[in-house]
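Beneath this line is the structure, given in structure tokens, with notes to follow.
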Amino acid sequence: MTDTTLDRDQIRAILVARAEVLARSPESEPAGPMVDLLVLSLGRERYGVELHHVEEIQPLRGLAPVPGIPRIWSGVVNLRGRLHPVLDLGAYLGLREPRSYESGAQIVVASGAGLMVALLVDEVAEVVRIRSDEIGPATADGREIIRGITPNLLTVLDLNAVFNDPKLVVNSD
Amino acid sequence: MKFSIGGKLAASFAVILGMTALVAGIGIYSSQTAQADTRKGFESNVLGLIDLVELINSAQVTRSIMFLHTISLDDVAMKRMDEQILKGDDRVSKALAAVKLSAGSNSEEQAIARKIDENWGLWKDLRDTKVLPPSRLSKNQEAQKAIEEETAPKFAILNGAIADLIKLKEARTKTQMNETQEAARNSAVFGISLVAVTILVGALLATLISRNISQKASSLAQAVRSLASGDLTQRALVHGSDELSQLAIDFNVMADKLQLASTTELRTKSSLRDGVQSLGSASTEILATVTQFTGSANEQAAAISQATATVDELRAIAEQTSRKASEVAQMAQASVGVGMEGAQAVEAILKGMQAIRERVEAIAQDILSLSEQTQQIGEITAAVNDIADQSKLLALNATIEAAKAGDQGKGFAVVAAEVRNLAEQSKQSTAKVRAILGDIQKATHTAVMATEQGSKGVDAGMGLAERAGETIRKLTDSIRTASQAVQQIVASASQQSTGMDQIAQAMREINQSTQQFVAGGRQSRAAAESLNVLADQLQSLAGSDRHS
Chain A
1 MTDTTLDRDQ IRAILVARAE VLARSPESEP AGPMVDLLVL SLGRERYGVE
51 LHHVEEIQPL RGLAPVPGIP RIWSGVVNLR GRLHPVLDLG AYLGLREPRS
101 YESGAQIVVA SGAGLMVALL VDEVAEVVRI RSDEIGPATA DGREIIRGIT
151 PNLLTVLDLN AVFNDPKLVV NSD
Chain B
1001 MKFSIGGKLA ASFAVILGMT ALVAGIGIYS SQTAQADTRK GFESNVLGLI
1051 DLVELINSAQ VTRSIMFLHT ISLDDVAMKR MDEQILKGDD RVSKALAAVK
1101 LSAGSNSEEQ AIARKIDENW GLWKDLRDTK VLPPSRLSKN QEAQKAIEEE
1151 TAPKFAILNG AIADLIKLKE ARTKTQMNET QEAARNSAVF GISLVAVTIL
1201 VGALLATLIS RNISQKASSL AQAVRSLASG DLTQRALVHG SDELSQLAID
1251 FNVMADKLQL ASTTELRTKS SLRDGVQSLG SASTEILATV TQFTGSANEQ
1301 AAAISQATAT VDELRAIAEQ TSRKASEVAQ MAQASVGVGM EGAQAVEAIL
1351 KGMQAIRERV EAIAQDILSL SEQTQQIGEI TAAVNDIADQ SKLLALNATI
1401 EAAKAGDQGK GFAVVAAEVR NLAEQSKQST AKVRAILGDI QKATHTAVMA
1451 TEQGSKGVDA GMGLAERAGE TIRKLTDSIR TASQAVQQIV ASASQQSTGM
1501 DQIAQAMREI NQSTQQFVAG GRQSRAAAES LNVLADQLQS LAGSDRHS
């Protein structure tokens, strides 16, 4: 620094500039359409599903195993008189081996593609709201079940695509 | 040889004395002759020379006065000089007479003396006639001329004559001295030759006589020596008639008598010898016995001394033992006291241990109940956590319902989010409480374990203390037994010490009597030895004649 002492006018200019920056209001109400995401915990991974697919969340109780079906299906549960098939989401996504019963686990009853399925997850964490245009494209190709990735690196599942997945089909033969 | 030894010695001494006297006489005679010659030479030559010097002197003095007279002008002085000249004439004529006398019978000297006399007369006449008269008339030049022309030639002749006479006398003195020296040398050579002859003669005589005497004496001495060494048959040779021959004859007579006496004595001595021999062997036996006896007595005395010393040592050891035993007894007594104190201390330790054990058990009980209560708290916390979980689910479902309701459900969604937050917080709190409870449970477990270990340690300590107490009791008992035994030992040690004293006293008395015994043995031995010596002497006396 050659000139250690600044002009009074210079100092004033710097302070004004700072004040303008600080006074800038946080981003006003997002302009584009918003989307609510329910955040699910599967081990260390976190996935998001659009909230309009979700019917309700319940702790896993009274799981009844069904023999002769693919192992990604854990069984069925009875919720207020209705039976719901339980999909082991972690096993389906290839994160872990299927388990027969998860104590302390929760189920998320979701609807899509004309089906209503209970997704078996470790825990439902929270609900977040983001702009739909913030959801970037999925990098991994061949993953039609993934709608995109948020700036927070939350993988957003496309439940319609998931429920249309032929792997879920139980061969009645 | 018909002369006796004394005669021979006297004759040879007389010969030597005679020759010595001859040498002395010749010496005295020659020295006297030399002395006379020297004196004669001295008188005729040296005194003659003195007279000549007097003559020259007085003539010169007179002539000098005459010169003074010719140069003097004073009448008084000239008169005095005339007188002096007359006196000088007198001296000259006296000296001239002496010179004539010393010339003696030598014709040459007499002729020169006459020539001197004549010239002196002529010089005196010329002086009185031609020199002095003009001088008295103060005609000095005339007088001096007369001196030069008349008197001086006469005086020169006079001087020459005197010088001739001096030369003659000198030559004669030298001749005489040579003659005297020759004579003295001859007489010395003669004297030395005579002395040498005398010595030779004396030596010859001495050798002859001594050889004669020593031959006889040695043969006689040989005979005496043989006799002295016991050969009584030895006799001396006799030849001649001197004292030694007489001695040899007498010696032979004595030897005959001795031989006769010894043959008669021999018989009595042999019986005496037998007796002495038996006496000797008896005394030797006595000496041997006494020696043996004395030796064994000495050994006994030595052994007893040793034994006495040993007993003294034993006594000292016994006293020491007694002392040590009483010390040990005191120590044992003290040990009993200490052992009892130890037992009491162990009792106290046991009581203290009991109290500690009760305390530790109470603490363990308290900690166990605390642990149970903590368990209950954990259960309650689990219930709270469950409720929080359910609240969270409810809140999430409410949020979903609110989202389904669309814009009308917006406010409800906010409430649901708050409820969810609360549930989350209570979940976190219960998690914390659970962690704290876990820590507490761990701590209580550790404490329970510690109290159990403490209890076990106290149990072990009590066991040890009980064992220590038992050991101390046993130790005290055995110390007490030992103390009693030591007291018995003390008593017996003092008895032993007293017994040892008595033994030592007895040993001392034995030692004393043994010493007296040894002394008696020594005296007996001395007596036996002197007896033996006496026997030996007797035996040697008796045996000394065995070979004669």
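Protein chains in written order, with the working numbering: chain A, 1 to 173; chain B, 1001 to 1548. The C-beta atom is built at its ideal place from N, Cα and C for all residues, glycine as well.
Rounded separation between residue i and residue j - CA only
i	j	result
alanine 1077/B	threonine 1173/B	45 Å
glutamine 1320/B	alanine 1334/B	21 Å
serine 1229/B	glutamine 1222/B	11 Å
leucine 83/A	serine 74/A	13 Å
asparagine 171/A	glutamate 123/A	30 Å
isoleucine 1380/B	proline 33/A	46 Å
lysine 1392/B	asparagine 1421/B	8 Å
methionine 1081/B	glutamine 1110/B	33 Å
alanine 1143/B	glutamine 1032/B	59 Å
glutamine 1539/B	glycine 1007/B	52 Å
valine 1311/B	alanine 1504/B	6 Å
aspartate 1164/B	isoleucine 1112/B	8 Å
leucine 60/A	aspartate 1366/B	41 Å
leucine 168/A	arginine 147/A	18 Å
alanine 1021/B	asparagine 1186/B	19 Å
threonine 183/A	glutamate 20/A	Limits of chain A in this structure are 1 at one end and 173 at the other, which puts residue 183/A out of reach.
histidine 1547/B	glycine 1202/B	Confidence at histidine 1547/B is low in this model, with a pLDDT of 48, below 50, so its placement is unreliable and no value can be given for it.
leucine 15/A	threonine 1374/B	59 Å
valine 156/A	valine 49/A	6 Å
methionine 1001/B	arginine 1039/B	The predicted model places methionine 1001/B with a pLDDT of 47, which falls under 50 and marks its position as unreliable; any figure quoted below should be read in that light. The alpha-carbon atoms of methionine 1001/B and arginine 1039/B are separated by roughly 55 Å.
glutamate 1243/B	isoleucine 1005/B	7 Å
serine 1549/B	lysine 1145/B	Chain B is shown from 1001 up to 1548; residue 1549/B falls before or after that span and cannot be answered.
glutamine 1428/B	arginine 1467/B	58 Å
glutamate 1452/B	alanine 1460/B	12 Å
asparagine 1140/B	aspartate 1117/B	28 Å
Within 8 Å, strictly: CB atoms of residue i and residue j
i	j	result
leucine 1017/B	isoleucine 1209/B	no
glycine 1088/B	serine 1058/B	yes
alanine 1329/B	serine 1483/B	yes
glutamine 58/A	isoleucine 135/A	no
alanine 105/A	leucine 95/A	no
alanine 1364/B	serine 1455/B	yes
serine 1135/B	threonine 1070/B	yes
isoleucine 1317/B	threonine 1514/B	no
methionine 1462/B	methionine 1353/B	yes
alanine 161/A	isoleucine 145/A	yes
aspartate 1037/B	threonine 1175/B	no
alanine 1557/B	alanine 1184/B	No information on residue 1557/B is available, as it lies outside the stretch 1001 to 1548 that chain B covers here.
leucine 79/A	valine 109/A	yes
leucine 1368/B	alanine 1465/B	no
alanine 1095/B	glutamate 1054/B	yes
isoleucine 1400/B	glutamate 56/A	yes
alanine 1301/B	valine 1486/B	no
glutamine 1259/B	leucine 1220/B	no
Candidates the options: closest to residue i by CA position
i	options	result
threonine 1284/B	Leu1258/B, Gln1537/B, Ala1345/B, Leu1132/B	Gln1537/B
serine 1281/B	Val1533/B, Ile1028/B, Ile1026/B	Val1533/B
tyrosine 47/A	Met116/A, Leu159/A, Arg24/A	Leu159/A
glutamine 1523/B	Lys1100/B, Asp1128/B, Thr1291/B	Thr1291/B
methionine 1500/B	Lys1442/B, Ser1530/B, Thr1308/B	Thr1308/B
alanine 1493/B	Leu1314/B, Ala1398/B, Ile1005/B, Ile1436/B	Leu1314/B
asparagine 1298/B	Phe1190/B, Val1023/B, Gly1521/B, Leu1232/B	Gly1521/B
leucine 154/A	Leu42/A, Ile11/A, Leu63/A	Leu42/A
glutamate 1170/B	Arg1127/B, Arg1357/B, Leu1047/B	Leu1047/B
leucine 1049/B	Lys1124/B, Ala1423/B, Lys1167/B	Lys1167/B
alanine 1156/B	Ala1183/B, Trp1123/B, Thr1129/B	Trp1123/B
valine 1419/B	Val127/A, Ser111/A, Arg44/A, Ala113/A	Val127/A
lysine 1609/B	Gln1502/B, Glu1361/B, Gly1342/B	For chain B, the structure presents residues 1001 to 1548; residue 1609/B sits outside this window and is missing.
glutamine 1215/B	Leu1194/B, Val1238/B, Ser1226/B	Val1238/B
Closer than 7 Å: residue i CB and nearest the ligand FMN heavy atom
i	result
proline 166/A	Of ligands this structure carries none, so the ligand FMN is not represented either.
task = Please list the residues of the segment 41 to 56 of chain A that have a C-beta atom closer than 8 Å to any C-beta atom in chain B, keeping them in chain order.
result = Cβ proximity to chain B below 8 Å picks out Leu51, His52, Val54, Glu55, Glu56 from the segment 41 to 56 of chain A.
task = Taking only beta carbons into account, state which residues of the segment 119 to 145 of chain A come closer than 8 Å to chain B, listed in chain order.
result = Cβ proximity to chain B below 8 Å picks out Val124, Glu126, Val127 from the segment 119 to 145 of chain A.
request  = Determine which residues of the segment 56 to 69 of chain A have a Cβ less than 8 Å from any Cβ of chain B, and write them out in chain order.
outcome  = Of all residues in the segment 56 to 69 of chain A, Glu56, Ile57, Gln58, Pro59 have a Cβ within less than 8 Å of some Cβ in chain B.
key: Inside the segment 98 to 146 of chain A only - beta strand (DSSP E) runs reaching at least 3 residues   = 106 to 112, 115 to 121, 123 to 131
request  = Note down, in chain order, all residues in the segment 1393 to 1410 of chain B with a beta-carbon under 7 Å from any beta-carbon belonging to chain A.
outcome  = Leu1393, Leu1396, Asn1397, Thr1399, Ile1400, Ala1403
ask   = Using a Cβ cut-off of 9 Å, which residues of the segment 151 to 166 of chain A contact any Cβ in chain B, in chain order?
value = none
ask   = Of all the alpha helix (DSSP H) runs that stay within the bounds of the segment 1107 to 1168 of chain B, which reach a length of 4 or more residues?
value = Fully enclosed alpha helix (DSSP H) runs of 4 or longer: 1107 to 1126, 1132 to 1136, 1140 to 1146.
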